[in-house]
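Mind the numbering: the sequence shown is residues 427 to 683 in my numbering, read in order. C-beta: ideal position from N, C-alpha, C; glycine also.
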Amino acid sequence: MNFENILVKKNDSLAQITINRPKKLNALNKATINELNIAFKSLEDDNDVRVIILTGSEKKAFVAGADISEFANFSVEQGIELSRLGHEILFDYVENLSTPVIAAVNGFALGGGLELAMSCHFRIASDNAKMGLPEVSLGVIPGYGGTQRLPQLVGKGKAMEMIMTAGMISAEEAKELGLVNYVTTQEELLPLAEKIANKIMRNSSVAISAAIRAINASFEDGTNGFDIEIDEFGECFGTEDFKEGTTAFLNKRKPKF
Ligand code: COA
């Protein structure tokens, strides 16, 4: 895959996407969003790929937000379309992938950058990372899911404060709030992501996909997550992975998924 704004690499079952516009602090312009959509789709369709790590190039930024220069003159209609399309092709899309996506937040994750990290299934961060939703300082609100996913992750009160103040929090604060799972040095960030990915890859990817659907269902309007869990749980009993996992356990050997 050849892209202008992102780098994609694959090492056996582990894929890594690096957003690569360092001169613009990896800000998400339209072209980058489109390329990310294509890359995620192709990795999701690749049966060999079992975990995807998403990170930003160089040491300063994961993503410093949506590209402000692209929407500064937008009308109301264009604003709605920008947000709607972003949700559809990137933010909701990533959240609902069957392949686990880990955000390795290596620096500034602001606005659309934090929203993208929050769309990933979970996040880890380097100790220099800074996170926030500064949109109200630009006279707009978060439009790529930030008003919905930040309260889910850190609670309503803290999300209100972060969005209203437009402030940034440190990686350590983000960990205390449950926004990121681990904080490490910049050098150790990708090795840690890979270590976690390797643990994930030992398990059934079919069952992991079902777990992602069941967990996400609890945040969907009008959906009873418990009902989805019951259905997904039952479906697992019809899979090869379930036969292999239970047989391996009973025969005291490691499963081969
Ligand atoms: N959109 C477009 N360009 C951006 C950007 C964004 N969200 N964030 C950074 N850039 C660009 C800058 O315009 C600058 O480009 P230039 O060299 O051509 O002028 C380059 O990236 C470097 O950024 P700069 O602001 O010079 O770095 P800094 O170290 O002084 O500040 C930040 C870093 C992250 C604090 C600052 O870039 C910033 O506040 N960015 C915007 C954050 C934001 O509001 N995001 C939400 C958008 S909805």
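Taking its Cβ as the centre, do 16 or more other Cβ atoms sit within 10 Å of S483, making it buried, or is it exposed? On the sequence shown, position 57 is the one that residue 483 refers to. S483 comes out buried.
Report the rounded CA-to-CA distance for L469 versus I478, giving the unit in angstroms. For the purposes of this step, residue 469 is identified with residue 43 of the sequence shown, where counting begins at 1. For the purposes of this step, residue 478 is identified with residue 52 of the sequence shown, where counting begins at 1. Between L469 and I478, the C-alpha separation is close to 8 Å.
Quick one: complete alpha helix (DSSP H) runs, 4+ long, within the segment 477-564? As far as the segment 477-564 is concerned, its whole alpha helix (DSSP H) runs of at least 4 residues are 494-497, 502-512, 518-521 and 538-545.
Beta-carbon within less than 7 Å of G604's beta-carbon, same chain only, minus the 5 sequence neighbours each way: which residues are those? Residue numbering aside, residue 604 sits at position 178 when the sequence shown is read from its first letter. Counting only residues of its own chain and dropping the five nearest sequence neighbours on each side, G604 has a CB closer than 7 Å to the CB of L579 and V580.
Do you know how far the Cα of A640 is from the Cα of F663? Counting from 1 along the sequence shown, the entry for residue 663 is found at position 237. Counting from 1 along the sequence shown, the entry for residue 640 is found at position 214. C-alpha separation (whole angstroms): 15 Å.
For L454, which of helix, strand or coil comes out of DSSP? Numbered from its first residue, the sequence shown carries residue 454 at position 28. Per DSSP, reduced to three states, the secondary structure at L454 is strand.
Count the other CB atoms, across all protein chains shown, that sit within 10 Å of the CB of M590; report buried if there are 16 or more and exposed otherwise. Translated into positions along the sequence shown, residue 590 becomes position 164. So M590 counts as exposed.
What's the call for D493, buried or exposed, on a 16-neighbour Cβ count within 10 Å? Walking along the sequence shown from the start, residue 493 turns up at place 67. Under this definition D493 is a buried residue.
I'd like to confirm something about A490: is its beta-carbon nearer than 7 Å to some heavy atom of the ligand COA, or not? As a working note, residue 490 is residue 64 in the sequence shown. A490 has its CB nearer than 7 Å to a heavy atom of the ligand COA.
By how many angstroms is the C-alpha of G583 removed from the C-alpha of E495? Counted from its first residue, the sequence shown places residue 495 at position 69. Counted from its first residue, the sequence shown places residue 583 at position 157. With the sequence shown as reference, residue 495 is identified as Ser, and Glu is not the correct amino acid for it. Using only the alpha carbons, I get a separation of about 31 Å.
Backbone secondary structure at A595 - three-state DSSP: Position 169 of the sequence shown holds residue 595. With the sequence shown as reference, residue 595 is identified as Ile, and Ala is not the correct amino acid for it. Correct three-state label for I595: strand.
Can you list, in chain order, the residues of its chain with a C-beta nearer than 8 Å to that of T481? Leave out the 5 residues immediately preceding and following it. Along the sequence shown, one-based indexing puts residue 481 at 55. Once the five neighbours on either side are set aside, the close Cβ partners of T481 are Q442, I443, T444, I445, F488, A529, A530, V531, N532, L615, L616 and A619.
Identify the continuous beta strand (DSSP E) that holds K682 and give its terminal residues. Residue mapping note: residue 682 aligns to position 256 of the sequence shown, counting from 1. Counting along the chain, K682 falls outside any beta strand (DSSP E), and DSSP gives it neither H nor E.
Cutoff 6 Å; reference N452; Cβ partners in own chain excluding five residues on either side: Taking the first residue of the sequence shown as position 1, residue 452 is located at position 26. When the five nearest sequence neighbours on each side are left out, the beta carbons in the same chain lying within less than 6 Å of the beta carbon of N452 are those of I445, G482, A487 and V489, in order along the chain.
Given a threshold of 16 other Cβ atoms within 10 Å of its Cβ, counted over all protein chains shown, does L676 qualify as buried or as exposed? Within the sequence shown, the letter at position 250 stands for residue 676. Around the CB of L676, fewer than 16 other CB atoms lie within 10 Å, so the residue is classed as exposed.
With which residues is V606 paired in a DSSP beta bridge? For the purposes of this step, residue 606 is identified with residue 180 of the sequence shown, where counting begins at 1. According to DSSP, V606 bridges with nothing at all.
Which residue wins for smallest C-alpha separation from E422, given the options N650, S635 and Q612? With the chain covering 427 to 683 only, the question about residue 422 has no answer from this structure.
Helix, strand or coil: which one does DSSP assign to K449? Stepping through the sequence shown from its first residue, residue 449 is reached at position 23. Note: K449 maps to helix in three-state DSSP.
Three-state class that DSSP yields for V434 in the structure shown: As a working mapping, residue 434 is identified with position 8 in the sequence shown. Three-state result, V434: strand.
beta-carbon L536 near the ligand COA non-hydrogen atom, thresh 7 Å: Position 110 of the sequence shown, counted from the first residue, corresponds to residue 536. Closer than 7 Å to some heavy atom of the ligand COA: that describes the Cβ of L536.
Is there at least one non-hydrogen atom of the ligand COA closer than 7 Å to the beta-carbon of K450? Here residue 450 refers to the residue found at position 24 when the sequence shown is read from its first residue. Yes, Cβ of K450 sits closer than 7 Å to a heavy atom of the ligand COA.
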